[in-house]
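Notes for the one structure printed next.
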Amino acid sequence: MAGWIDPENRVLAKATALAGELADPVRLTALQLLAAEGPHTLTQLADAIGVSASRLGNHLGRLRASGLVAVERSGRHALYRVADAGLSGVLAALSRYAGADAAVDREPSPADIAHTCYDHAAGRLGVVVFSTLVERGALRPPDGRGDEVALGPDPTAFAELGVDPDAVAAGRRKRATACLDRTHRLPHLGGALGSAVLDALLERGLVRRRPEGRVLDVLDAGELTRLLPAFG
Numbered sequence: 021m022a023g024w025i026d027p028e029n030r031v032l033a034k035a036t037a038l039a040g041e042l043a044d045p046v047r048l049t050a051l052q053l054l055a056a057e058g059p060h061t062l063t064q065l066a067d068a069i070g071v072s073a074s075r076l077g078n079h080l081g082r083l084r085a086s087g088l089v090a091v092e093r094s095g096r097h098a099l100y101r102v103a104d105a106g107l108s109g110v111l112a113a114l115s116r117y118a119g120a121d122a123a124v125d126r127e128p129s130p131a132d133i134a135h136t137c138y139d140h141a142a143g144r145l146g147v148v149v150f151s152t153l154v155e156r157g158a159l160r161p162p163d164g165r166g167d168e169v170a171l172g173p174d175p176t177a178f179a180e181l182g183v184d185p186d187a188v189a190a191g192r193r194k195r196a197t198a199c200l201d202r203t204h205r206l207p208h209l210g211g212a213l214g215s216a217v218l219d220a221l222l223e224r225g226l227v228r229r230r231p232e233g234r235v236l237d238v239l240d241a242g243e244l245t246r247l248l249p250a251f252g
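Quick note on numbering: the sequence shown equals residues 21 to 252 in our numbering.
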């Protein structure tokens with residue numbers, strides 16, 4: 021009978037190979053962006069991460085060889101995407117574990133807790149809004165195919181936040197998107213619904229914009245925690 025450290029064990033081999041690929045910050049960030057926001061071209065991904073296209077290309081080649089990233093053609097463009105939607109859960113669990121550990125090391129800044137990303141909430145508040153809506157069935161989880169997120173079967177969580185999804189006019193804009201949070205490395209809610217949620221929180225006096233900058237001050241942590249238990 022083989023021991024625990026059996027080189028022929030496929031589960032062990034796959035897990036250790038995955039750990040090796042995630043050990044580089046460029047590869048990890050590329051996978052997080054692709055999992056949360058969907059396919060990117062090489063140029064788009066390099067610009068988002070802040071590395072050269074040639075450097076990123078080497079990392080993407082390695083991720084393709086390991087089966088974590090796939091490429092599809094769209095006209096003249098090559099689009100990179102996660103090869104398996106199940107990878108999103110692995111990356112999210114890793115970010116939650118690392119984030120919980122980091123929270124012990126220092127007191128979170130106001131920007132860590134809540135700030136704006138364009139016209140929607142980001143930071144811990146934005147991440148918890150998104151995860152709560154997914155967990156309660158108001159949104160579908162990201163599938164890695166694009167940044168747009170489908171509505172779920174139960175809009176109750178939206179209603180409790182003061183938003184009626186059917187009344188939000190998206191127009192040319194996407195109704196709901198997953199936007200990777202740079203601080204917490206988990207998605208927060210963007211799109212027309214993300215804007216509507218932030219507007220509702222502001223109107224109810226739960227958060228307040230600062231005159232300058234993007235920080236949101238939390239005015240009623242108790243009510244936010246009632247609406248979003250994971251925020252407490």
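Even glycine gets a Cβ: it sits at the ideal position worked out from N, Cα and C.
What are the uninterrupted segments assigned as alpha helix (DSSP H) that are 4 or more residues long and contained completely in the region 132-177, given in chain order? Every alpha helix (DSSP H) of 4 residues or more that sits fully in the region 132-177 is shown, in chain order, as 143-155.
Opposite G210 in the DSSP bridges: which residues? In the DSSP output, where bridge partners are listed per residue, G210 has T197.
List the whole-angstrom C-beta distance separating V91 from V71, where the pair is believed to meet the contact cut-off of C-beta under 8 Å. About 18 Å separates the Cβ atoms of V91 and V71, ruling out a contact at the 8 Å cut-off.
Who are the near neighbours of A98 in its chain, counting only those whose CB is closer than 6 Å to its CB and skipping five residues on each side? Hits under 6 Å: V91.
Of the residues L221, C199, H60, which one's Cα is nearest the Cα of C137? The candidate whose alpha carbon is nearest that of C137 is C199.
At least three beta-carbon pairs within less than 8 Å, the region 168-182 to the region 74-82: Segments in contact, no.
Quick one: what's got a C-beta closer than 7 Å to L239's C-beta in the same chain, skipping five residues either side? If we look at L239 and ignore the five residues flanking it on each side, its Cβ neighbours are G225, L226, V227, R228.
Can you give me the Cβ contacts of T61 inside the same chain, cut-off strictly under 7 Å, excluding the 5 residues immediately before and after it? Same-chain partners within the cutoff: H97, A98, L99.
Mapping DSSP to helix, strand and coil, what is E243? The three-state secondary structure of E243, taken from DSSP, is helix.
Report the residue from S129, R160, V147 whose alpha carbon sits nearest the alpha carbon of A105. Checking every option, the nearest Cα to that of A105 belongs to R160.
Stretch-stretch touch, CB-based, cutoff 8 Å, three pairs: the region 185-193 with the region 127-134: No: fewer than three Cβ pairs fall under 8 Å.
According to DSSP, what are the bridge partners of A90? Bridge pairing for A90: R101 [DSSP].
Quick one: give me the first and last residue of the beta strand (DSSP E) that R230 is part of. Per DSSP, R230 belongs to no beta strand (DSSP E) and is neither H nor E.
Who does D237 pair with in a DSSP beta bridge? DSSP lists R228 as the bridge partner or partners of D237.
Three-state secondary structure assigned by DSSP to V124: Note that V124 scores a pLDDT of 47, beneath 50, so its modelled location is shaky; the value from the coordinates is reported in the next line. V124 falls in the helix class under three-state DSSP.
First through last residue of the alpha helix (DSSP H) which encompasses T203: The continuous stretches of alpha helix (DSSP H) do not include T203, and DSSP gives it neither H nor E.
Considering only residues of the same chain and omitting the five flanking positions on each side of F178, which have a CB-CB separation below 6 Å? The residues are A158, P185.
Roughly how many angstroms separate the alpha carbons of D201 and L53, rounded to a whole number? Computed Cα separation, rounded: 9 Å.
Contact under 8 Å by Cβ, L145 with L247: Going by C-beta atoms, L145 is not nearer than 8 Å to L247.
L76 versus T36: straight-line alpha-carbon distance, rounded: Those two C-alpha atoms are separated by around 22 Å.
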